[in-house]
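Our numbering puts the last residue of the sequence shown at 815; the count rises by one with no breaks. One structure is given here, and the rest of the page talks about it.
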Amino acid sequence: QCVVNTVSQIEEIDTEVVVKLADQMRMMNFPQWFDLLKNIFSKFTIFLKRVKATLNTIRSVVFLVLDKNQKTRDLEDTLQKNSAKESMVDSEVAYLTHEGMFISDAFGDGELPAGAADSASQRNTSPNSEPCSSDSVSEPECTTDSSSSKEHTSSSVTPGGVEMMIGEDMKLTDLELVRLANNIQELLYNASDVCHDRSVKFLMARAKDGFLEKLNSTEFVTLSRLMEGFILDTEQICGRKSMSLRGALQSQANRFVNRFHEERKTKLSLLLDNERWKQAEVPAEFQDLVDSVSDGRISLPEKKPTATEERKPAEFLIVEGQKYATVGTVLLLIRIILEYCQCVDNIPSITTDMLTRLSDLLKYFNSRSCQLVLGAGALQVVGLKTITTKNLALSSRCLQLIVHYIPIIRAHFEARLQPKQFSMLRHFDHITKDYHDHIAEISAKLVAIMDSLFDKLLSKYEVKAPVPSACFRNICKQMAKMHEAIYDLLPEEQTQMLFLRINASYKLHLKRQLAHLNVVNDGGPLNGLVTSDVAFYTGNLQALKGLNNLDLNMAEIWEQKR
Numbered sequence: 254q255c256v257v258n259t260v261s262q263i264e265e266i267d268t269e270v271v272v273k274l275a276d277q278m279r280m281m282n283f284p285q286w287f288d289l290l291k292n293i294f295s296k297f298t299i300f301l302k303r304v305k306a307t308l309n310t311i312r313s314v315v316f317l318v319l320d321k322n323q324k325t326r327d328l329e330d331t332l333q334k335n336s337a338k339e340s341m342v343d344s345e346v347a348y349l350t351h352e353g354m355f356i357s358d359a360f361g362d363g364e365l366p367a368g369a370a371d372s373a374s375q376r377n378t379s380p381n382s383e384p385c386s387s388d389s390v391s392e393p394e395c396t397t398d399s400s401s402s403k404e405h406t407s408s409s410v411t412p413g414g415v416e417m418m419i420g421e422d423m424k425l426t427d428l429e430l431v432r433l434a435n436n437i438q439e440l441l442y443n444a445s446d447v448c449h450d451r452s453v454k455f456l457m458a459r460a461k462d463g464f465l466e467k468l469n470s471t472e473f474v475t476l477s478r479l480m481e482g483f484i485l486d487t488e489q490i491c492g493r494k495s496m497s498l499r500g501a502l503q504s505q506a507n508r509f510v511n512r513f514h515e516e517r518k519t520k521l522s523l524l525l526d527n528e529r530w531k532q533a534e535v536p537a538e539f540q541d542l543v544d545s546v547s548d549g550r551i552s553l554p555e556k557k558p559t560a561t562e563e564r565k566p567a568e569f570l571i572v573e574g575q576k577y578a579t580v581g582t583v584l585l586l587i588r589i590i591l592e593y594c595q596c597v598d599n600i601p602s603i604t605t606d607m608l609t610r611l612s613d614l615l616k617y618f619n620s621r622s623c624q625l626v627l628g629a630g631a632l633q634v635v636g637l638k639t640i641t642t643k644n645l646a647l648s649s650r651c652l653q654l655i656v657h658y659i660p661i662i663r664a665h666f667e668a669r670l671q672p673k674q675f676s677m678l679r680h681f682d683h684i685t686k687d688y689h690d691h692i693a694e695i696s697a698k699l700v701a702i703m704d705s706l707f708d709k710l711l712s713k714y715e716v717k718a719p720v721p722s723a724c725f726r727n728i729c730k731q732m733a734k735m736h737e738a739i740y741d742l743l744p745e746e747q748t749q750m751l752f753l754r755i756n757a758s759y760k761l762h763l764k765r766q767l768a769h770l771n772v773v774n775d776g777g778p779l780n781g782l783v784t785s786d787v788a789f790y791t792g793n794l795q796a797l798k799g800l801n802n803l804d805l806n807m808a809e810i811w812e813q814k815r
């Protein structure tokens with residue numbers, strides 16, 4: 254009836270052309286259909302409250318009857334005790350009379366027992382009356398022929414005060430009444446199950462054309478919250494969970510998670526396939542995004558168009574005081590990661606599913622970026638001429654940025670998991686290790702580039718004037734280029750560590766060439782020329798920004814005397 258009433262009010266739906274009610278309902282847009290569902294849930298909630306009120310009334314009557322039965326039994330016990338006392342007094346009176354004594358001689362005035370006085374009074378006032386008056390109740394000696402028949406009836410007073418006559422064969426025992434009071438709750442459970450089952454049918458009818466799977470995140474969260482609210486309301490009314498609607502919601506949530514994940518993974522794939530691995534400017538909204546996370550809020554901040562338009566993009570992303578050079582893909586990846594985290598807050602039932610999917614996304618970014626940069630896939634995919642040291646350093650810094658957020662993401666999910674699900678958090682440990690391994694591979698690649706250069710140049714090195722030699726001039730020029738490419742992209746301590754490794758490679762190749770040329774540290778002319786070349790190299794390297802205090806330990810180029 255709710256559907257009929259709603260459909261009839263929507264002008265766009267021609268009920269003469271579209272005959273079936275389900276088809277008519279499927280023509281509604283989301284806001285219309287959502288309002289209809291809200292109305293249905295409201296009606297069901299009222300229905301369950303009325304059922305509960307009715308059943309509570311029945312239970313109250315049952316308890317009244319049980320209470321009345323108990324009082325009746327208590328009254329019968331009291332009357333039986335009084336009857337026994339009365340019989341004992343009558344025996345005493347008979348004994349005294351038999352001995353020739355009058356009652357008045359045996360008892361003084363006012364000394365008669367209450368039962369005897371009543372008995373005597375009853376005999377004096379009504380010697381010819383019936384043993385049982387019409388008002389007496391439930392006394393064994395009052396049983397008549399009619400009361401012992403199968404037609405025996407007992408009176409029962411309803412809460413409203415109306416007396417009802419119930420046949421003995423229809424009268425419920427106390428055990429049956431207690432069972433009835435307990436089983437009444439089952440009727441409420443059944444009513445709740447019916448409401449949930451009908452809601453599921455309504456939901457599935459709308460989901461038939463994939464409508465629910467096509468909802469955007471905001472719409473699905475709104476729907477999920479409405480359904481969760483109704484489920485909790487019915488549980489509060491009935492005191493028990495009805496599983497069918499919860500199951501249907503979980504099923505739809507799983508489909509939503511699949512689509513949510515596939516959409517974002519496809520988006521990330523397209524971004525990576527078009528990424529040229531050049532440093533991107535950082536729009537103010539992304540800086541706001543990471544600032545909100547630093548404040549402990551893992552959520553997407555509301556857009557402030559007027560404020561962000563006035564602020565120019567920055568060269569670097571600032572995260573907790575650290576500068577991060579990044580590419581456009583990674584800025585969007587951070588936003589996508591936060592969408593996963595926020596989705597878990599909005600729909601708690603999908604936490605484990607979302608954790609698995611987010612792990613998959615992070616692994617995909619790591620492996621795909623490795624293929625494109627370290628594996629030089631970007632040469633074919635986006636047409637880069639070569640993978641430069643700048644591309645490599647930028648890729649490393651992007652990975653470091655994601656690694657920075659993994660513990661934060663892990664803590665966010667951990668707070669929303671049951672203790673028995675904590676083992677799932679190991680996914681983040683594996684991902685962190687994979688990212689660190691990837692970063693180490695990039696560093697090794699940067700060293701390998703210079704190692705190859707040293708091998709090529711120093712293998713042709715000849716110890717002769719003029720000094721500095723062309724070979725060492727070329728080496729210093731390439732070192733300066735490498736420094737220029739990475740210094741603004743990597744933190745200073747990482748640059749220093751990298752150049753220490755490059756210097757170790759340089760010393761190894763130089764030592765090998767000097768041994769080949771039989772030049773030794775003997776203070777001779779050749780030794781003097783090499784020392785001048787090395788001093789030129791050392792001076793140039795330490796003149797580079799951030800490397801002035803680097804301990805180069807150049808004595809290692811000479812074979813140690815044994």
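Glycine included, each C-beta is placed from N, C-alpha and C at the ideal position. Computed from a predicted structure; not experimentally measured.
Proximity below 7 angstroms, CB of valine 543 to CB of valine 583: no
Closest residue to serine 696 among Gln749, Asn793 and His665 (Cα-Cα distance): Gln749
Expected contact under 8 angstroms - CB spacing of valine 580 and glutamate 528 to nearest Å: 6 angstroms
Coarse secondary structure for valine 716, derived from DSSP in three states: coil
Supposed contact pair leucine 430 and valine 270 - C-beta distance, whole angstroms, cut 8 angstroms: The Cβ separation is near 58 angstroms, so there is no contact.
Three-pair Cβ contact test at 8 angstroms for the segment 729-741 versus the segment 795-812: yes
Spatial distance of tyrosine 577 from leucine 586 (CA atoms): 14 angstroms
Inter-residue Cα distance where the pair is serine 389 and threonine 325: Low confidence applies here, because serine 389 scores a pLDDT of 39, under 50, leaving its location unreliable and the question unanswered by this model.
Own chain, CB closer than 7 angstroms to leucine 645, minus 5 neighbours either side, in chain order: Val626, Ile695, Lys698 and Leu699
Neighbour-count burial assignment, phenylalanine 539, 16 or more Cβ in a 10 Å radius: buried
Exposure label - alanine 337; buried when at least 16 CB within 10 Å: exposed
Cβ contact check for the segment 657-674 and the segment 745-761: 3 or more pairs under 8 angstroms: no
At least 3 beta-carbon pairs within less than 8 angstroms: the segment 600-619 vs the segment 500-514: yes
Exposed unless 16 or more other CB atoms sit within 10 angstroms - verdict on methionine 423: exposed
Beta-carbon proximity of isoleucine 551 to histidine 665, cut-off 7 angstroms: yes
CB contact flag (isoleucine 728, lysine 760, <7 angstroms): no
N- and C-terminal bounds of the alpha helix (DSSP H) containing valine 256: 255-261
Closest residue to asparagine 801 among Glu746, Met677, Ser758 and Val773 (Cα-Cα distance): Glu746
One or two residues paired with glutamine 438 in a DSSP bridge: Beta-bridge pairing links glutamine 438 to no other residue.
Segment limits, beta strand (DSSP E) that includes valine 773: Segment: none, valine 773 is in no beta strand (DSSP E) and carries neither H nor E.
Neighbourhood of threonine 791 by C-beta, 7 angstroms cutoff - its chain only, sequence neighbours within 5 removed: Leu805 and Met807
Which of helix, strand or coil DSSP assigns to proline 366: A caution first: proline 366 carries a pLDDT of 47, below 50, which makes its placement in the model too unreliable to give a value.
Counted within 10 angstroms of its Cβ, other Cβ atoms place leucine 782 as buried (16 or more) or exposed: buried
Glutamine 813, enclosing alpha helix (DSSP H) - first and last residue: Glutamine 813 -> no alpha helix (DSSP H), and no H or E assigned at all.
Identity of the residue in Val447, Met480 and Arg279 nearest lysine 291 by Cα: Met480
Neighbour-count burial assignment, phenylalanine 707, 16 or more Cβ in a 10 Å radius: buried
Spatial neighbours of histidine 680 in its chain, beta-carbon cut-off 8 angstroms, leaving aside the 5 residues before and after: Leu608, Thr609 and Ser612
CB contact below 7 angstroms: lysine 673 versus chain C: Chain labels in this structure do not include chain C; a single protein chain is all it has.
Whole-number beta carbon distance between glutamine 277 and valine 304, since they are thought to touch under 8 angstroms: Contact flag wrong, Cβ pair sits at about 29 angstroms.
Span of the beta strand (DSSP E), counted from its first residue to its last, around valine 271: Run containing valine 271: none; DSSP gives neither H nor E here.
Collapsed DSSP secondary structure at valine 415 in the structure displayed: The predicted position of valine 415 is uncertain, since its pLDDT is 48 and thus under 50; a value taken from the coordinates is nonetheless stated next. Reduced to three states, the DSSP call for valine 415 is coil.
Helix, strand or coil at valine 431 according to DSSP, with G and I counted as helix: helix
Residue from His514, Lys713, Met703 and Leu570 whose Cα sits closest to the Cα of glutamate 534: Leu570
Isoleucine 571: first and last residue of the uninterrupted beta strand (DSSP E) it sits in: 570-572
Inter-stretch contact (C-beta, 8 angstroms, three-pair minimum) for the segment 495-502 and the segment 442-459: yes
Cβ distance (whole Å) where leucine 711 is taken to contact glutamine 674 below 8 angstroms: Actually they do not touch by this definition, with Cβ atoms about 57 angstroms apart.
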